[in-house]
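Asks:
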Amino acid sequence: MLNLGKIILHTIVLIGFYQVGLLIQTTFQLFVPGSVIGMILLFIFLSLKVIKVTWIENGARFIVDNLALFFIPVTVGILEYYDVFAGKGALLILIALVSTMLVMGISGATSQWLVRRRAEEHD
3 MLNLGKIILH TIVLIGFYQV GLLIQTTFQL FVPGSVIGMI LLFIFLSLKV
53 IKVTWIENGA RFIVDNLALF FIPVTVGILE YYDVFAGKGA LLILIALVST
103 MLVMGISGAT SQWLVRRRAE EHD
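Quick note: the sequence shown uses my numbering, first residue 3, plus one each step.
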């Protein structure tokens, strides 16, 4: 029961950052999504040690562990717009595959570069 309470509190903190990001986005009419602003704020607060990782760790882990469930509404939403995607399926699959390969390749190259750089610093 105590762990469930921690998950709820940690998730509330994360939702708070999201809501503050939305408030900033709507107040200043920024083109950057409020969720991204909230994530940047969370990063800044964590970097400056204003909040501790332990204050959000269980909630973040719960969200990541159940991430697949959050994509179900998106998939159902896409099915409602079938007529928009009809006839363009092959092109959309090609775009999805190419973009996925690019993201994987760039992410892998970046992580390898960071590992090499860290190894050189320790030598």
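A virtual CB, placed ideally from N, CA and C, is assigned to each residue, including glycine. The model shown is predicted, which means the values in this text are computed figures rather than measured ones.
When the distance is taken between beta carbons, is Ile46 closer than 8 Å to Gly23?
Replies: For the purposes of this step, residue 23 is taken as the residue at position 21 of the sequence shown. For the purposes of this step, residue 46 is taken as the residue at position 44 of the sequence shown. No; because the gap between Cβ atoms is not below 8 Å, this pair is not in contact.
Asks: What's the C-alpha gap between Thr28 and Asp125?
Replies: Within the sequence shown, residue 28 is the residue found at index 26, counting from 1. Within the sequence shown, residue 125 is the residue found at index 123, counting from 1. Whole-angstrom Cα-Cα distance: 48 Å.
Asks: Please go through the same chain and pick out, in chain order, the residues whose beta-carbon is closer than 8 Å to the beta-carbon of Phe87, but skip the five residues on each side of it.
Replies: Counting from 1 along the sequence shown, the entry for residue 87 is found at position 85. Cβ neighbours of Phe87 beyond the five flanking positions: Ile80, Leu94.
Asks: Round the Cβ separation of His12 and Glu82 to the nearest angstrom and send it over; I've been treating them as touching at under 8 Å.
Replies: Start at 1 with the first residue of the sequence shown, and residue 12 comes out as number 10. Start at 1 with the first residue of the sequence shown, and residue 82 comes out as number 80. Actually they are not in contact, since the Cβ atoms of His12 and Glu82 sit about 33 Å apart, beyond 8 Å.
Asks: How many Å lie between Val55 and Val15 at the Cα?
Replies: Translated into positions along the sequence shown, residue 55 becomes position 53. Translated into positions along the sequence shown, residue 15 becomes position 13. Answer to the nearest angstrom: the Cα atoms are 11 Å apart.
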